[in-house]
Amino acid sequence: MTRVSPELAARMKKAEGFDANACFHCGTCTALCPLGYKILPRKLFHDAMLGLEDRVRANIPQIFSCLLCRMCEANCPSGVHITDNIRSLRSLINRQVFGLK
Amino acid sequence: MSAQKIGVFTCHCGGNISDYVDVQKVCDAAAGTEGCALAKTFLFACSDSSQEEMMEAIRTHQLDGVVIASCSPKLHLETFRVMAHRAGLNPHMYTQVNIREQCSWAHRHDMPKASEKAVRLVRAGIARASLSRPLENIRVETLPAVLVIGAGPAGMRAALALSDLGLTVYVVERAAEVGGRIRALGKLFPSGRPGREIVARLRDQIAGRDNIVVYTNAELVEKSGSAGRFAVKVRAGQETISLKVGAIIAATGFAPYAPQPEEFGFGLPAVVTLPEFNELLTTSRECLRVNGRDVRTIAYVYCVGSRQSEGNQYCSRYCCTAAVHAAIQAHEIDPELNQFHLYRDMRAYGRNELIYEEARQKGSLFLRYDGGEPPTVEREGDGLLVRVRDELSGGDSIEIPADLVVLVTGMVATSNQRLLDVLKLPLSAGGFFNEIHPKLRPVETVIDGVFIAGAAQAPKNLAESVASSMAAAANCSAMLLKGHLDRAPLVAKVSAETCVWCGECVKVCPYAGAIVEVERDGKQVADVVPELCKGCGACAAVCPSAAIELEGYTNAQVTAMIDALAAEVVS
Ligand SMILES: Cc1cc2nc3c(=O)[nH]c(=O)nc-3n(C[C@H](O)[C@H](O)[C@H](O)COP(=O)(O)OP(=O)(O)OC[C@H]3O[C@@H](n4cnc5c(N)ncnc54)[C@H](O)[C@@H]3O)c2cc1C
Ligand code: SF4
Ligand code: SF4
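Chains as they are written, first to last, in my numbering: chain A, 1 to 101; chain B, 1 to 571.
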C-alpha cells in the first residue's frame with residue numbers, strides 16, 4: 001500500500017523540464033534500457049506524477065544511475081523527453097531529499 | 001382464373017445447388033408434372049441474361065404462372081416478382097421454391113435424397129402456382145404528419161427536420177419543459193457550448209414554425225391504425241387530444257444511472273455523480289467548494305453503472321469523454337486542483353481523443369483499475385480515502401486522499417411502461433428500444449411506421465443522438481412524402497357466407513383491430529381490415545368453419561401442396 005502525496009503530485013506538475021503526459025505506457029523504454037532497470041523510466045514517471053513519494057525515494061539509486069544514453073528517448077513513439085525528465089527528477093530530489101540548493 | 005401454363009426454372013446457383021442436387025433430374029420431374037408448360041435449367045437464374053431469357057419465355061409461351069427453384073425467397077423473391085411483372089405477369093403468379101438452403105446446403109451428405117426432396121418441393125410449388133390468382137397491392141393513402149415522443153435534443157431536432165420537409169409535427173413531452181437531459185447541463189463536449197443554450201436555440205426555432213405543435217406535461221395514451229395512417233390520443237394535463245399521423249418517432253432518451261447506497265461510497269458527503277458534478281462546475285467560480293470545504297483533490301471513478309459483469313453490461317459511450325471534459329473545466333476554474341482518474345479503459349474515441357489529451361496536458365492523472373477489483377471509497381477524517389490497485393504501477397494498491405469523489409455514472413433506459421404498452425416496441429437486453437437491424441436498419445422497428453431516435457435506442461452522445469434523429473426523420477419523410485404506401489396483398493379474407501361469428505379468430509389475432517365485426521346480409525360476421533392484417537394466418541388456422549383464407553396461401557393451395565409433397569417420387 002502506498003499513499004498519494006497531493007503535494008508531490010502538484011510539485012511534479014510544475015517541475016521544470018518534467019513532462020510525461022504523452023506517455024501511453026507502451027513499455028518501449030523499459031525494454032530498451034541497457035541497465036535493465038525494470039522501473040525506469042515509464043513506471044517511475046507514473047509514480048512521480050501520482051505523487052507516490054515512497055516509491056520515488058525507493059528508486060533514488062536507479063534515478064541517479066541512469067546513463068542518460070537516450071536509447072529510450074530516441075525510440076519513444078510518443079516523443080517523451082525522457083532524459084530531461086530524469087534530470088528534472090534528480091534536481092528535485094537534490095533539493096528535497098539532500099537539501100542541496 | 002388460375003394458371004394453366006406454368007414455366008418452371010431450376011437454378012444451379014453456380015454449383016451451390018448443383019453440387020448436391022441433381023438439377024437435371026429436378027427439371028425433368030417438373031416437365032412431367034401437370035400444369036408445367038416449359039421446364040429449363042439456368043446456371044444463375046438471377047443474372048441479367050437469365051432474367052431476359054425467362055421474360056422472353058414467358059412472352060413467347062404465353063406462360064400464366066412461373067416457379068423458380070433456387071435460393072431462399074428472402075434473397076430473391078422480390079427480384080423474380082419484378083421480373084415476372086416486367087414480362088407482363090401479375091407478380092403474385094410467381095412462386096419461389098428454395099432448393100438451396102432447404103436441399104443442397106442442408107443435405108450435403110446425401111445427394112439422391114436431397115434431389116428427391118427438391119423434386120417434392122418443386123411439385124408443391126407448381127401445385128401452388130396452378131391455383132394462384134392475380135392479386136393487387138393494397139394502397140394506403142398516407143397522412144402528412146408525424147408524432148414525435150420526447151422533446152430532448154433528438155426529438156426537437158427531428159421535429160425541425162420534418163417541419164423543413166413540409167410535414168406537420170406534433171411533439172409530446174412528458175416533462176413540464178422541453179430540452180431533455182441537456183436542459184440543465186453546462187458546457188458540453190466537443191464544442192463547449194452549454195446544454196441550456198443549445199436547448200434555448202432549438203426551442204426558439206421550434207416556436208417560429210407554424211407546422212410544429214408542442215405538448216408538454218403530455219403523454220401518448222392510445223394508438224390505433226397502421227403505418228401511414230395512425231390515430232393517436234395524447235393526454236396533455238387534463239385534456240385528451242386526438243391526432244392523426246402517418247408515422248411516429250420515439251425519442252424518449254435515457255436516465256442517468258443512480259448508484260446504489262454505498263456503491264463506491266455513494267451516500268457519503270462529497271461523493272457525487274457526473275450530473276451533480278456538472279451542476280457544481282456550472283455554479284463554481286475560481287474554486288470548487290463542497291459541503292463548505294475547498295476542494296484540492298478530486299478522484300473520478302469511471303464506468304459506474306456500466307460494463308457490469310451482471311446488470312448493465314454495455315458501455316455507456318458518453319461518460320469517458322464527459323468526465324475528461326469536466327476535468328478540463330475544473331482545471332479552468334482552479335488550475336491548482338489535483339485530479340486523479342480511475343478508469344478501466346479510456347473510450348474517448350474518434351476526435352474525443354483530443355479532449356483526453358488536453359486533460360492530460362492540463363495535469364489530470366490516470367490510474368487503471370481492473371473491473372474484477374474495483375476501487376473502494378471511504379471516509380477519512382473530514383475527507384475521503386480512495387483505494388485502488390493501479391495496473392499502471394504494476395498492480396500496487398494506492399491510497400488517494402480526496403476531497404471530492406466523482407462517480408462517472410453511465411446511462412440506463414428510462415422507465416416507460418405506459419408508452420411500451422401503447423407502442424408495443426421490443427426492448428434490447430439493456431432495456432433500450434430495439435432496432436430491426438443494428439447496421440442496415442438502425443432507426444426502424446418491427447412496428448411499421450414507428451421509428452426510434454436518440455439515446456432511447458442505446459447510450460449515445462449528443463452528436464450521435466441527433467444523427468439518429470435525422471435518420472428517423474428521413475425515414476418518416478421517405479414513407480410519407482410520396483402520399484401513399486403499397487402493401488403486399490397477402491392478407492386474410494373472410495367468407496361472409498360461411499362465417500358464423502364465433503369470434504375464435506379475434507382471440508388469436510396478434511394485431512389489434514385487424515379483425516372487426518360487421519353486418520352482412522342481415523347477420524353478424526367477421527371482417528378483416530387489410531391495412532392492419534399482416535397475413536400471419538393465425539385466424540385461418542383456427543376458424544372452425546373454414547371461413548377464413550389467406551390470400552396467396554388459400555386452403556385449396558395448401559392442400560394441393562401437401563398432396564404434391566406426399567406423392568411418390570420414382571427414381
Ligand atoms: C451528466 C451528463 C453529461 C453529458 N455531457 C455530454 C456532452 O458533454 N456532450 C455530449 O455530446 N453528450 C453529453 N451527454 C449525453 C447527452 O445528454 C445525450 O446524448 C442526449 O441528452 C440524448 O438526447 P435524447 O433527446 O435522445 O434524450 P434525452 O435528452 O433523455 O431526452 C428525452 C426526452 O424524452 C422525454 N420523455 C421520456 N419518456 C417520455 C414519454 N413516455 N412521453 C413523452 N416524453 C418522454 C424526456 O422527458 C426527455 O425530455 C451527457 C449526459 C449526461 C448525463
Ligand atoms: S517509450 Fe515513451 S510512451 Fe512508451 S512507455 Fe516509455 S515513455 Fe511511455
Ligand atoms: S464510456 Fe468510459 S466510463 Fe463510460 S462505460 Fe464506457 S468505458 Fe466506462
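The beta-carbon is built from N, C-alpha and C at its ideal position, and this holds for glycine as well.
TODO: Could you spell out where the beta strand (DSSP E) holding L365 of chain B opens and where it closes?
DONE: Following the DSSP letters along the chain, one finds L365 of chain B inside the beta strand (DSSP E) bounded by residues 365 to 368.
- [ ] Pull up the CB-CB distance for L220 of chain B and L419 of chain B, whole angstroms please, since I reckon it's below 8 Å.
- [x] With 8 Å as the limit, L220 of chain B and L419 of chain B qualify as a contact, their Cβ atoms being about 6 Å apart.
Task: Sequence-distant residues of its chain with Cβ nearer than 8 Å to M71 of chain A (five each side left out) - done: Answer for M71 of chain A: L32, C33, P34, listed in chain order.
TODO: Mind listing the chain B neighbours of R187 of chain A? Cutoff is C-beta to C-beta under 7 Å, in chain order.
DONE: Past the edges of chain A, shown from 1 to 101, lies residue 187 of chain A, and the structure says nothing about it.
Open item on the list: Beta carbons nearer than 8 Å to chain B: which residues of the region 24 to 50 of chain A have them?
Closed with: Cβ contacts with chain B: H25, K43, H46, D47, M49, L50.
Task: Limits of the unbroken beta strand (DSSP E) element including I149 of chain B - done: First-last of the beta strand (DSSP E) with I149 of chain B: 145 to 149.
Open item on the list: Am I right that A413 of chain B and G430 of chain B are in contact with their C-beta atoms under 8 Å? What's the rounded C-beta distance?
Closed with: About 6 Å separates the two Cβ atoms, so the contact holds.
Task: Residues that DSSP places opposite E222 of chain B in a beta bridge - done: E222 of chain B pairs with B:K233.
Task: Uninterrupted alpha helix (DSSP H) stretches inside the region 27 to 73 of chain A (no shorter than 4 residues) - done: Taking only runs of at least 4 residues, the alpha helix (DSSP H) segments lying wholly in the region 27 to 73 of chain A are 28 to 32, 42 to 50, 53 to 58, 60 to 65.
- [ ] Please determine, among B:I249, B:A158, B:L384, the residue with the shortest C-alpha to C-alpha distance to I149 of chain B.
- [x] The option with the nearest alpha carbon to I149 of chain B is B:I249.
TODO: Return the chain-ordered ranges of every beta strand (DSSP E) run that is complete within the region 393 to 446 of chain B and spans a minimum of 3 residues.
DONE: You should have 396 to 402, 404 to 409, 411 to 413.
Open item on the list: I need the straight-line Cα distance from T321 of chain B to E53 of chain A, nearest angstrom please.
Closed with: Rounded to the nearest angstrom, the gap between the Cα atoms of T321 of chain B and E53 of chain A is 30 Å.
Open item on the list: Residues of chain A with CB closer than 7 Å to the CB of D396 of chain B, please, in chain order.
Closed with: In chain order: T2.
TODO: Report the option in B:G535, B:A546, B:C499 whose CA atom is closest to the CA atom of K523 of chain B.
DONE: Looking only at B:G535, B:A546, B:C499, the smallest Cα-Cα distance to K523 of chain B is reached by B:C499.
Open item on the list: Excluding the 5 residues flanking H107 of chain B on each side, which residues of the same chain have their C-beta closer than 8 Å to its C-beta?
Closed with: Only residues of its own chain outside the window of five on either side were considered, and among them Y20, K113, A114, K117 have a CB closer than 8 Å to the CB of H107 of chain B, listed in chain order.
- [ ] Determine the direct distance from the alpha carbon of G7 of chain B to that of N475 of chain B, and round the result to whole angstroms.
- [x] If I take the Cα positions, the gap works out to 38 Å.
Open item on the list: Give me the subset of the region 322 to 354 of chain B whose CB atoms are less than 8 Å from a CB atom of chain A, sorted by chain position.
Closed with: Those would be E336, N338, F340, in chain order.
TODO: Using a cut-off of 7 Å between C-beta atoms, extract the partners of G363 of chain B located in chain A.
DONE: In chain order: K13.
Task: Chain-ordered neighbours of P6 of chain A on chain B, where CB pairs are closer than 8 Å - done: Correct list: R296, T297, N338, P401.
Open item on the list: Within 10 Å of its beta-carbon, does D64 of chain B have 16 or more other beta-carbons around it, so buried, or fewer, so exposed?
Closed with: Looking at its Cβ environment, which holds 16 or more other Cβ atoms inside 10 Å, D64 of chain B is buried.
Open item on the list: What does the Cβ neighbour count give for Y589 of chain B, buried or exposed, with the cut at 16 atoms within 10 Å?
Closed with: As displayed, chain B neither begins before 1 nor continues past 571, which places residue 589 of chain B out of reach and without an answer.
Open item on the list: When you compare the CB of L404 of chain B with every CB in chain A, is at least one pair closer than 8 Å?
Closed with: With 8 Å as the cut-off, L404 of chain B does not count as an interface residue toward chain A.
Task: 8 Å contact criterion, which L280 of chain B and L274 of chain B should meet: CB distance rounded - done: A Cβ-Cβ distance of about 11 Å is found for the pair L280 of chain B and L274 of chain B, leaving them out of contact under the 8 Å criterion.
Open item on the list: Threshold first: 3 residues or longer. Then list the beta strand (DSSP E) segments lying entirely within the region 78 to 145 of chain B, N to C.
Closed with: 94 to 98, 138 to 141, all fully within the region 78 to 145 of chain B.
Open item on the list: Using DSSP's beta-bridge definition, name the partner residues of R289 of chain B.
Closed with: According to DSSP, which records beta bridges pairwise, R289 of chain B is partnered with B:D294.
Task: Interface residues of chain A facing L384 of chain B [CB-CB closer than 8 Å] - done: Here the premise fails: no neighbours, minimum Cβ distance about 12 Å.
TODO: Determine contact between the region 489 to 509 of chain B and the region 531 to 541 of chain B, defined as no fewer than three beta-carbon pairs at a distance below 8 Å.
DONE: Short answer: they touch.
Open item on the list: Which residue marks the beginning of the alpha helix (DSSP H) containing Q51 of chain B, and which one marks its end?
Closed with: Counting along the chain, the alpha helix (DSSP H) containing Q51 of chain B begins and ends at 48 to 60.
- [ ] Run the proximity test for L550 of chain B: is its beta-carbon closer than 7 Å to any non-hydrogen atom belonging to ligand 1?
- [x] Because no heavy atom of ligand 1 lies under 7 Å away, the Cβ of L550 of chain B does not count as near it: no.
Task: Heavy atom of ligand 3 within 7 Å of R181 of chain B beta-carbon - done: R181 of chain B has its CB no nearer than 7 Å to any heavy atom of ligand 3.
- [ ] Could you work out which residue in B:V82, B:R520, B:Y314 is closest to Q51 of chain B when comparing CA atoms only?
- [x] For the set B:V82, B:R520, B:Y314, the Cα lying nearest the Cα of Q51 of chain B is the one of B:V82.
- [ ] Say whether the region 309 to 317 of chain B touches the region 392 to 404 of chain B, bearing in mind that this needs 3 or more beta-carbon pairs closer than 8 Å, one atom from each stretch.
- [x] A contact between stretches requires three or more CB pairs, one per stretch, nearer than 8 Å, and the region 309 to 317 of chain B fails this requirement with the region 392 to 404 of chain B.
Task: Length of the line joining the Cα atoms of L165 of chain B and S477 of chain B - done: For the pair L165 of chain B and S477 of chain B, the Cα-to-Cα distance works out to about 7 Å.
Task: Own chain residues within Cβ distance below 7 Å of A39 of chain B, not counting five before or after - done: Cβ within range, chain order: V8, C27, A30, A31.
Task: Every unbroken beta strand (DSSP E) inside the region 516 to 571 of chain B [3 residues or more] - done: Qualifying beta strand (DSSP E) stretches, in chain order: 523 to 528, 548 to 550.
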